[in-house]
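Each residue of the sequence shown is one higher than the last, beginning at 0 in numbering that gives the first Met the number 0. Quick reminder that beta carbons are idealized off the backbone N, C-alpha and C, glycines included. Below: the structure, in structure tokens.
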Amino acid sequence: MKSKAAFLALLVVQCVGAFLFPLRPSWQRTEANQLHMSKTALQSPVSKNLALPSSVQVTLLDRLGNGTFGGVHLAVDEVRGEKLIAKCARAATDDSRAKTNAAAYLDIEGFINSKLCPLHNNTNNADATSSCGMQHIAPYLGEVVLDDTKYLIWEASGEYTLEDYVEMEDGWLQLANDLGVSLNEEAVADYNNNDESGSNQREQLHNQLAAEVLRQLLEGLAYCHSRGVCHRDIKPANILVDPATHTLRLIDFGSACDMSSWSPKKLGYRGEDKGPRSILYCAPEEFVDPESPYAFDIYSAAITWLRTMLSDDNIDSENTLASDESEYPHGLAEEDHLFQWRIAVRDFGHNLVSWEEWATLHNSLPYGWNSLFGKSRQGIQSLRLLSNMMSYNPDHRMSASEALLCPYLNPGCNAEAPELPPAMPWSIMSHIQRWKKDKQVHSWQDEECNIDDLFTKVVAAEVSAADLTSRLEKANGGIEVTGGGDKCDTGLCDGDALLAIGSIDVETAPLEHVNELLEQWPRDKLIPLLLVRDSV
Ligand SMILES: Nc1ncnc2c1ncn2[C@@H]1O[C@H](COP(=O)(O)OP(=O)(O)O)[C@@H](O)[C@H]1O
Ligand SMILES: [Mg+2]
Numbered sequence: 000m001k002s003k004a005a006f007l008a009l010l011v012v013q014c015v016g017a018f019l020f021p022l023r024p025s026w027q028r029t030e031a032n033q034l035h036m037s038k039t040a041l042q043s044p045v046s047k048n049l050a051l052p053s054s055v056q057v058t059l060l061d062r063l064g065n066g067t068f069g070g071v072h073l074a075v076d077e078v079r080g081e082k083l084i085a086k087c088a089r090a091a092t093d094d095s096r097a098k099t100n101a102a103a104y105l106d107i108e109g110f111i112n113s114k115l116c117p118l119h120n121n122t123n124n125a126d127a128t129s130s131c132g133m134q135h136i137a138p139y140l141g142e143v144v145l146d147d148t149k150y151l152i153w154e155a156s157g158e159y160t161l162e163d164y165v166e167m168e169d170g171w172l173q174l175a176n177d178l179g180v181s182l183n184e185e186a187v188a189d190y191n192n193n194d195e196s197g198s199n200q201r202e203q204l205h206n207q208l209a210a211e212v213l214r215q216l217l218e219g220l221a222y223c224h225s226r227g228v229c230h231r232d233i234k235p236a237n238i239l240v241d242p243a244t245h246t247l248r249l250i251d252f253g254s255a256c257d258m259s260s261w262s263p264k265k266l267g268y269r270g271e272d273k274g275p276r277s278i279l280y281c282a283p284e285e286f287v288d289p290e291s292p293y294a295f296d297i298y299s300a301a302i303t304w305l306r307t308m309l310s311d312d313n314i315d316s317e318n319t320l321a322s323d324e325s326e327y328p329h330g331l332a333e334e335d336h337l338f339q340w341r342i343a344v345r346d347f348g349h350n351l352v353s354w355e356e357w358a359t360l361h362n363s364l365p366y367g368w369n370s371l372f373g374k375s376r377q378g379i380q381s382l383r384l385l386s387n388m389m390s391y392n393p394d395h396r397m398s399a400s401e402a403l404l405c406p407y408l409n410p411g412c413n414a415e416a417p418e419l420p421p422a423m424p425w426s427i428m429s430h431i432q433r434w435k436k437d438k439q440v441h442s443w444q445d446e447e448c449n450i451d452d453l454f455t456k457v458v459a460a461e462v463s464a465a466d467l468t469s470r471l472e473k474a475n476g477g478i479e480v481t482g483g484g485d486k487c488d489t490g491l492c493d494g495d496a497l498l499a500i501g502s503i504d505v506e507t508a509p510l511e512h513v514n515e516l517l518e519q520w521p522r523d524k525l526i527p528l529l530l531v532r533d534s535v
């Protein structure tokens, strides 16, 4: 793989970000915002960041990456002798504002990690954290103060990030090895049956690896999104590979925001058009869209995946030399090539299929493209998924859980819907609009997998206060609707679990608060609800 830190190109990237994404979707900010309640009696739940268990004794060792990651140290747990990672706040400049910001980002990172890896909070047992079930999140242990400096502590879980593999010679072979991907005979047979041009085993291994990388990346995101967390900085350098467990692990939640809070104040989110982003990987909407917040990560995951899987000029051993005339002889490994490619796709109205037609005619496909998206059934399915993940309109992108059920990642359609709650929406309005249109935005035409079930579990309803009165009660750890008999005449069914009222997430709110909120609702206005309903 070719590694060229294209400093100049990056400079250009920073300057022309606005040029890359000049168009703001007009559908974005309409009446939906009117539903956001500006005043509410609800208070944000007080949540504590995890403190490091006293059984872990940290000694700091060297800084990582020769200072590249100024605030990140290798460390060791003196009790167990295990390697740890310790991160402290690092300001880009010396002024006090930069320092305050750095400290705030560290606090957010601690909060988000406590939310995603909460295990030892309950068990008080440090061992439990080593099997933190969220296998795609780096295992977080808690925060500690050493010499007056606050550090967040993780178990060290791998040495290389996807960025490192992009830069290694034959990095994809190493990645396949570290993720435990080897040629699977069934997949090879399936591939050969559908690939008239014939293909060699090296290409097949590359294709298997591509599916595995995307699956794990989406599993990690599905988990974060189900907890209301939007990562906001998905890129190869923030995805660690743990060879011991063959897993990808998401790291660096310093830019993340928590969209699920039932308080109107969302941790880490400072309103539209504000917030951190990496231009090379960010979605066309540029900032997290309040109506489809998680779609931002889906777009970045698509670009991350593409760069990782198209970063070698040696995918096919019988055709090792990439054409020197090609615009992208080394795939998309080099950042300036990735940037050029994103401009090219933008110039085709963000329509990947139109760009591909043009690029095929003009010999402008990045090296490796045909191997990944060729004429095989798998190739067609992977391109279809990629196109969806890169939809210009965030509302058209599939959620991570939906993408995991698509034919490319779910051959034979055997996979069950992941056992995750649906991603928490911030605003109910987009769901109501979708519901009214009675339209399945993400259904797969001509494909065997039917993923509608996942959708029908979340339903929107608008009800009068009279219809809702006395029908809410605490059940199954949340609030459920009861007392309506067999019929769902009012739009509510018995057993519906309450997710949101207006734009406010009430899934885990106390019943008294919810009743208080309903009392404040104007009597002459219908109450918009978001509910989880068992699909029949
Ligand atoms: N849990 C972990 N295990 C192993 N290495 C890690 C872990 N967390 C971070 N690192 C290493 O530290 C580097 C920087 O971490 P990151 O959280 O991305 O910090 P930064 O905010 O400086 O980008 C990563 O590229 C990775 O090499
Ligand atoms: Mg990072």
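Check for me: the beta strand (DSSP E) holding residue i runs from which residue to which?
| i | result |
| --- | --- |
| L408 | Premise fails: L408 is in no beta strand (DSSP E) and is neither H nor E. |
| A50 | Taken as a continuous stretch (DSSP letters only), A50 belongs to no beta strand (DSSP E), as it is neither H nor E. |
| Y139 | 139-145 |
| E541 | Coverage of the chain is limited to positions 0 through 535, which leaves residue 541 absent and any answer about it impossible. |
| L364 | Looking at the DSSP string, L364 is not in any beta strand (DSSP E), and its letter there is neither H nor E. |
| A499 | 496-500 |
| L249 | 246-249 |
Closest to residue i by CA distance: which of the options is it?
| i | options | result |
| --- | --- | --- |
| A210 | K234, L182, R89, W520 | L182 |
| Q134 | L174, A50, L247 | L247 |
| A243 | L497, V462, L174 | L174 |
| L220 | N409, Y327, M397, D493 | M397 |
| K374 | A399, P52, N206 | N206 |
| Y150 | G483, D177, E162, F110 | F110 |
| L115 | R470, N413, E285, D257 | D257 |
| L51 | V352, T507, M388, L145 | L145 |
| L403 | Q380, N48, P393 | Q380 |
| M224 | H349, R383, L491, A294 | Note that residue 224 corresponds to His in the displayed sequence, not to Met. Taking only the C-alpha atoms, the option nearest H224 is A294. |
| R306 | L337, P283, T468 | L337 |
| I250 | P138, Y298, S310, G267 | P138 |
| G330 | D232, W171, L471, D394 | W171 |
| E290 | H395, L266, S254, L371 | H395 |
Taking buried to mean at least 16 other C-beta atoms within 10 Å of its own C-beta, is residue i buried or exposed?
| i | result |
| --- | --- |
| H361 | exposed |
| I342 | exposed |
| P521 | exposed |
| N112 | buried |
| L60 | exposed |
| D523 | exposed |
| Q200 | exposed |
| N413 | exposed |
| D346 | exposed |
| Q519 | exposed |
| Q56 | exposed |
| L530 | buried |
| E401 | buried |
| G484 | exposed |
| A465 | exposed |
Looking at the structure shown, is residue i part of a helix, part of a strand, or coil, going by DSSP?
| i | result |
| --- | --- |
| G483 | coil |
| K234 | coil |
| D106 | helix |
| C229 | strand |
| D76 | strand |
| W304 | helix |
| R396 | coil |
| P527 | strand |
| A85 | strand |
| W153 | strand |
| E518 | helix |
| V57 | strand |
| C412 | helix |
| I136 | strand |
| C256 | strand |
| T507 | coil |
| R269 | coil |
| R62 | strand |
| D241 | strand |
At a cut-off of 8 Å, is residue i close to ligand 4 when judged by its beta-carbon and the heavy atoms of the ligand?
| i | result |
| --- | --- |
| D163 | By its list of ligands, the structure shown excludes ligand 4, since it contains just ligand 1 and ligand 2. |
Over the uninterrupted alpha helix (DSSP H) stretch that includes residue i, give me the two end residues.
| i | result |
| --- | --- |
| A465 | 464-467 |
| E472 | Element bounds for E472: not the alpha helix (DSSP H) but the beta strand (DSSP E), 471-474. |
| V165 | 161-166 |
| I379 | 376-388 |
Exercise for the section: Considering only heavy atoms of ligand 1, list every residue whose Cβ is less than 5 Å from one of them, following chain order. Expected result: Qualifying residues come out as L63, F68, V71, I84, A137, W153, A155, S156, T160, I250, D251.
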